[in-house]
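Colleague: Have a look at this one before I ask anything.
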Amino acid sequence: MLLAGVLASGILVLPAGAQSPAPAAKPSDTAGTPYRFRPSHSSRREEMYYASVWGVDSLSAKAVESGEIIRFSYRVVDSNLAKTVNDKTLEPSLIDPQAGVSLVVPSLEQVGMLRQSSNKPEVGKSYWMAFSNSGRRVKRGDRIIVQIGKFRADGLIVE
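Listed below in structure tokens is the structure:
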């Protein structure tokens, strides 16, 4: 009887003993940089504001061509209100307060301004403009301001 008890307890202990203990986590493995949620899109309230006052929505800024160009794009929802944003005579600028720079749309000799526009903006059509980012001062994740005449889009995040 004693032998049966010892054998039974050995069988129960053996599987538990066969498992190796979990390695202790190193403090450097678990402690990393804190994660901050950064929304990549504007709020519904902002979209409604830009659509009702300026006639545009779907505003976005994206670093392209390895960061040498920042592409600002928008979609027209009201052609009469969007005339200001689409006006070729107004000089657009992209301002990055963190980097302390103001970018402009370059004008190339044979191509003209790197900006898509028309005399009368078409509803539902997307338009863009490319800002020169030589030196790559504006980076992905930066909050920027795009200003075209009286139009001002604050807090866009560069994707």
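Using the numbering used here, read the sequence shown as starting at 13 and increasing by one per residue. In this text, a Cβ means the ideal position worked out from N, Cα and C, and glycines have one as well. Owing to the predicted nature of the structure, the values given are computational and were not obtained by experimental measurement.
Give the range of the beta strand (DSSP E) segment to which residue 74 is assigned.
Modeller: In the sequence shown, the residue the question calls residue 74 occupies position 62. Here the beta strand (DSSP E) through residue 74 covers 68 to 76.
Colleague: Rounded to whole angstroms, what is the Cα-Cα separation between residue 141 and residue 80?
Modeller: Residue 141 sits at position 129 when you count from the first residue of the sequence shown. Residue 80 sits at position 68 when you count from the first residue of the sequence shown. Near 14 Å, if we compare the C-alpha coordinates of residue 80 and residue 141.
Colleague: Considering Cα atoms alone, identify which of 115, 71, 116 is closest to residue 168.
Modeller: What you label residue 168 is simply residue 156 of the sequence shown in a count that begins at 1. Residue 168 has its Cα closest to that of 71, out of 115, 71, 116.
Colleague: Spatial neighbours of residue 144 within its chain, please: CB distance less than 7 Å, with the 5 preceding and 5 following residues excluded, ordered by chain position.
Modeller: Here the question's residue 144 lines up with position 132 in the sequence shown. Around residue 144: 81, 115, 116, 118.
Colleague: Can you give the beta carbon distance from residue 75 to residue 152, rounded, assuming they're within the 8 Å contact cut?
Modeller: For the purposes of this step, residue 75 is taken as the residue at position 63 of the sequence shown. For the purposes of this step, residue 152 is taken as the residue at position 140 of the sequence shown. Right, their Cβ atoms sit about 5 Å apart.
Colleague: Under a three-way DSSP split, which group does residue 165 fall into?
Modeller: For the purposes of this step, residue 165 is identified with residue 153 of the sequence shown, where counting begins at 1. Three-state DSSP puts residue 165 in a strand.
Colleague: Taking only three categories from DSSP, how would you classify residue 63?
Modeller: Along the sequence shown, one-based indexing puts residue 63 at 51. In the structure shown, residue 63 sits in a helix (DSSP, three-state: H, G or I).
Colleague: With residue 97 as the anchor, note down where its beta strand (DSSP E) starts and where it stops.
Modeller: As a working note, residue 97 is residue 85 in the sequence shown. Segment 95 to 98 is the alpha helix (DSSP H) holding residue 97; no beta strand (DSSP E) there.
Colleague: Taking all protein chains shown into account, do 16 or more other C-beta atoms lie within 10 angstroms of the C-beta of residue 135, making it buried, or fewer, making it exposed?
Modeller: Mapped onto the sequence shown, residue 135 falls at position 123. Flag for residue 135 reads exposed.
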